[in-house]
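Trainee: With positions in the sequence shown counted from 1, the corresponding number in the numbering used here is that position plus 3. We treat Cβ as the ideally placed atom computed from N, Cα and C, and that holds for glycine. Supplied in structure tokens, the structure appears directly below.
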Amino acid sequence: MAEKVYKGTGISNGKVSGKIRIFKSGGQAARGIYRGKAQELRRLDNARALALEQIRALEKKALATLGEKEAQIFEIHAMLVEDEDFMGSVIEEINGGKCAEEAVEITARGYGEMLGSLGDEYLAERKTDIMDISNQLIRILQGGVSQNEGEMDEKYILVALDLTPSQTVQLDADKILGFVTAEGTPSSHTAILARAMGIPALVGVGTVDGLNDGDFALLNAEKGVLVACPSEKEIKEFEKEKSAFNKIAKEHEMYLRSVMNKPAVTRGGHRVMIYANIGSEGEVSPALSNGAEGIGLLRSEFLYLSRDTYPTEEELFSSYKEIAVKMQGKRVIIRTLDVGADKQIPYFNLPREENPALGYRAIRVCLDREDVFKAQLRAILRASVFGHVAIMLPMVISLDEIEKSKELLEECKRELLTQGQSFDSKIEVGIMIETPAAALMSHSLAKEVDFFSVGTNDLTQYTIAVDRQNPNVAHLCEKNTEPVMRLIKMSSEAIHQEGGWIGVCGEMAADLSLTQQLVNMGVDELSVSVPYLLGVRGKVSECR
Ligand code: PEP
Ligand code: MG
4 MAEKVYKGTG
14 ISNGKVSGKI
24 RIFKSGGQAA
34 RGIYRGKAQE
44 LRRLDNARAL
54 ALEQIRALEK
64 KALATLGEKE
74 AQIFEIHAML
84 VEDEDFMGSV
94 IEEINGGKCA
104 EEAVEITARG
114 YGEMLGSLGD
124 EYLAERKTDI
134 MDISNQLIRI
144 LQGGVSQNEG
154 EMDEKYILVA
164 LDLTPSQTVQ
174 LDADKILGFV
184 TAEGTPSSHT
194 AILARAMGIP
204 ALVGVGTVDG
214 LNDGDFALLN
224 AEKGVLVACP
234 SEKEIKEFEK
244 EKSAFNKIAK
254 EHEMYLRSVM
264 NKPAVTRGGH
274 RVMIYANIGS
284 EGEVSPALSN
294 GAEGIGLLRS
304 EFLYLSRDTY
314 PTEEELFSSY
324 KEIAVKMQGK
334 RVIIRTLDVG
344 ADKQIPYFNL
354 PREENPALGY
364 RAIRVCLDRE
374 DVFKAQLRAI
384 LRASVFGHVA
394 IMLPMVISLD
404 EIEKSKELLE
414 ECKRELLTQG
424 QSFDSKIEVG
434 IMIETPAAAL
444 MSHSLAKEVD
454 FFSVGTNDLT
464 QYTIAVDRQN
474 PNVAHLCEKN
484 TEPVMRLIKM
494 SSEAIHQEGG
504 WIGVCGEMAA
514 DLSLTQQLVN
524 MGVDELSVSV
534 PYLLGVRGKV
544 SECR
């Protein structure tokens, strides 16, 4: 078989070799293959049966753990899967030549729009149920990752057109050697998750056409290259390079581990806290064993992304509590929900937008959806008695947003007090500096908060007008760090003047070529994905 070479941007420096598995994503539903009427109808029947099974199991669990009222939602879901009218429309679409996934999607969209337009609150709520069921059916129909017979236990290189953050969080990390996407950039959330998983990845290769399930491939993230169907000679050379690379990486890691427990202090005496960016409880232990002194960014939206319905306050609380307890008094900064833009969550039913990055996301959604925001704030407050918990607001552009958020926080505190629930009344509140507006207004904003954390991924996107999702312009980020650096400096001066502190939690925090400059600006904390903790700690101690 002829060798095929794909070039993109490497994420992490690793090298891996293995078989390819093509990811079939939900987003590709409309492009599914039509296998003929009979087969599509059979696929739909099977998916309905499996969906019903899953719903009944969830209903049983909800009955046992939550109660009858909460379990009712699953009864509604089951009714929808069995609904003659709804399924009749899906079958009509299949008869008209659509694959089962597309037929479900089209029907659900039509029903959703119809219910939403009736002006009846109860029926409008059913729209969410329809979307839930539609997503569940599509997911079953696509089976997530394609499952090649007899290869399920083997680790593989995942290949996708693109992966959304919600698809990425649901991947079975233990099965994946690395991944390659046609789209995406180094600061896209997919790349961020690859870094967190510590696996080599290649994003923005342009196209993945020509790659097939089962092709053997060599992935060199350092050079940004994937070679599929390589020659025997190439495989041998690659394996030699790979073991040399792994040996050096291991030795370096051992050295870094030997200095892991010393505080990160520059040669000039500036102390920098080394914190971890995480998205789930599962990352806490690895963070600690790699010397994290705190959690600088808990991307709390990942808890919402990996499910089909809103998490309850109780569920959020138990997850935050677990993290706070495991961190044993070390600071845990919980960023409030940053939904929207590239992190779409179907059950939020956010509107389609022309410019989602400039649209309805993060704090803008939270301030409108008080029920969702308050459930999260209450859960964070309740968890605060189990450790050292702080709150961080994303995508802030104005004082007004901070004031409104703090009002809601106070309201939550009052409610908890009347319910006899305890919380840390002095809980720290910080904001992310992710917009030029926040940096430019940092002198006023600093008076209202305890700390800043710079989200350089968004700050770069909004400052130099480079879409973090667009591989065609990704190269502009590397050479244009100066404007962002100036905004960090401005913010650092502002918060220090008010007696607060500043961290950096965007990907720039892990870029060792920038550490010296960040330290020079007085940055007090660097928060990075777990695999970068040791390297950043080592780099800080080499700084002047
Ligand atoms: C950032 O924008 O730099 C950041 C840390 O937030 P996220 O990457 O989740 O948008
Ligand atoms: Mg951001």
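(1) Which residues in the same chain have their Cβ closer than 8 Å to the Cβ of L537, if we skip the five residues on either side of it in sequence?
(2) Can you list the beta strand (DSSP E) stretches of 3 or more residues lying completely in the stretch 287-324, in chain order?
(3) Quick check: the Cα distance between R385 and I505, rounded to an integer number of angstroms?
(4) Tell me whether E437 counts as near ligand 1, meaning its Cβ is closer than 8 Å to at least one heavy atom of that ligand.
(5) In three-state terms, what does DSSP make of G100?
(6) Can you tell me which of P354, L229, Y535, E242 puts its alpha carbon nearest to the alpha carbon of I281?
(7) Would you please state the rounded distance, in angstroms, between the beta carbons of A497 and S445? I believe it to be under 8 Å.
(8) How is the beta strand (DSSP E) around F219 delimited, first residue to last?
(9) Apart from the five residues on each side of it in sequence, which residues of its chain come closer than 8 Å, Cβ to Cβ, to V275?
(10) Does DSSP put G147 in a helix, a strand or coil?
(11) Which class does K377 belong to by DSSP, given the choice of helix, strand or coil?
(12) Taking 8 Å as the cut-off, is the CB of T459 close to at least one heavy atom of ligand 1?
(13) Measure from the alpha carbon of A60 to the alpha carbon of each residue in E78, R46, R45, then state which is nearest.
(14) At a threshold of 8 Å, does M398 count as lining ligand 4 (C-beta to nearest heavy atom)?
(15) Quick check on the DSSP output: what are the complete beta strand (DSSP E) runs of length 3 or more inside the stretch 228-266, in order along the chain?
(16) Looking only at C-alpha atoms, which of E357, R547, R471, G21 sits nearest to A220?
(17) For the putative contact between I434 and L396, defined by C-beta atoms under 8 Å, what is the C-beta separation to the nearest angstrom?
(18) For the alpha helix (DSSP H) that T339 lies in, which residues bound it at each end?
(19) What first and last residue would you give for the alpha helix (DSSP H) that runs through H499?
(20) According to DSSP, what are the bridge partners of N280?
(21) Give me, in chain order, the residues of the same chain whose beta-carbon lies closer than 8 Å to that of A393; leave out the 5 immediate sequence neighbours on both sides.
(22) Would you report the Cα separation of I94 and D132, rounded to the nearest angstrom?
(23) Would you tell me roughly how many angstroms separate the C-alpha atoms of P486 and T188, rounded to the nearest one?
Mentor: Considering the structure as presented:
(1) Your numbering for residue 537 matches position 534 in the sequence shown. Cβ within range, chain order: E256, L259, R260, M263, N293, G294.
(2) 298-302
(3) The residue labelled residue 385 in the question sits at position 382 within the sequence shown. The residue labelled residue 505 in the question sits at position 502 within the sequence shown. Distance between the alpha carbons of R385 and I505 is about 25 Å.
(4) Taking the sequence shown and counting its residues from 1, one reaches residue 437 at position 434. Yes; taking the cut-off as 8 Å, the Cβ of E437 has a heavy atom of ligand 1 nearer than that.
(5) Along the sequence shown, read from residue 1 onward, the residue named residue 100 stands at position 97. Note: G100 maps to coil in three-state DSSP.
(6) Stepping through the sequence shown from its first residue, residue 281 is reached at position 278. Looking at the Cα atoms, Y535 is the closest of the given residues.
(7) Sequence index remark: in the sequence shown, residue 497 carries index 494 (1-based). Sequence index remark: in the sequence shown, residue 445 carries index 442 (1-based). A497 to S445, Cβ: 4 Å. Contact.
(8) Mapped onto the sequence shown, residue 219 falls at position 216. Unbroken beta strand (DSSP E) run through F219: 219-223.
(9) The residue you call residue 275 lines up with position 272 of the sequence shown. Same-chain partners within the cutoff: A267, V268, T269, V522, V526, D527, E528, L529, V543.
(10) In the sequence shown, the residue the question calls residue 147 occupies position 144. Annotation note: pLDDT 48 at G147 (below 50); position unreliable, no value reported.
(11) Here residue 377 refers to the residue found at position 374 of the sequence shown. K377: helix per DSSP, three-state reduction.
(12) For the purposes of this step, residue 459 is taken as the residue at position 456 of the sequence shown. Checking every heavy atom of ligand 1 against the Cβ of T459, one is found closer than 8 Å.
(13) Residue numbering aside, residue 60 sits at position 57 when the sequence shown is read from its first letter. A60 has its Cα closest to that of E78, out of E78, R46, R45.
(14) Ligand 4 is not among the ligands present in this structure, which contains only ligand 1 and ligand 2.
(15) 228-231
(16) For the purposes of this step, residue 220 is identified with residue 217 of the sequence shown, where counting begins at 1. Nearest of E357, R547, R471, G21 to A220, Cα basis: G21.
(17) Taking the first residue of the sequence shown as position 1, residue 434 is located at position 431. Taking the first residue of the sequence shown as position 1, residue 396 is located at position 393. At roughly 5 Å, the Cβ-Cβ gap stays under 8 Å, so I434 and L396 are in contact.
(18) As a position in the sequence shown, residue 339 is number 336, starting the count at 1. Under the DSSP assignment, T339 falls outside any alpha helix (DSSP H); it carries neither an H nor an E label.
(19) The residue you call residue 499 lines up with position 496 of the sequence shown. Counted as a single uninterrupted DSSP element, the alpha helix (DSSP H) harbouring H499 occupies residues 485-500.
(20) In the sequence shown, counting from the first residue as 1, residue 280 sits at position 277. L300, S532, per the DSSP bridge assignment.
(21) The count along the sequence shown starts at 1 and reaches residue 393 at position 390. For A393, where only same-chain residues beyond five positions count, the Cβ hits under 8 Å are R334, V335, I336, I337, I430, E431, V432, G433, D453, F454.
(22) Here residue 94 refers to the residue found at position 91 when the sequence shown is read from its first residue. Here residue 132 refers to the residue found at position 129 when the sequence shown is read from its first residue. When only Cα atoms are considered, I94 and D132 end up about 20 Å apart.
(23) The residue you call residue 486 lines up with position 483 of the sequence shown. The residue you call residue 188 lines up with position 185 of the sequence shown. Roughly 20 Å separates the two Cα atoms.
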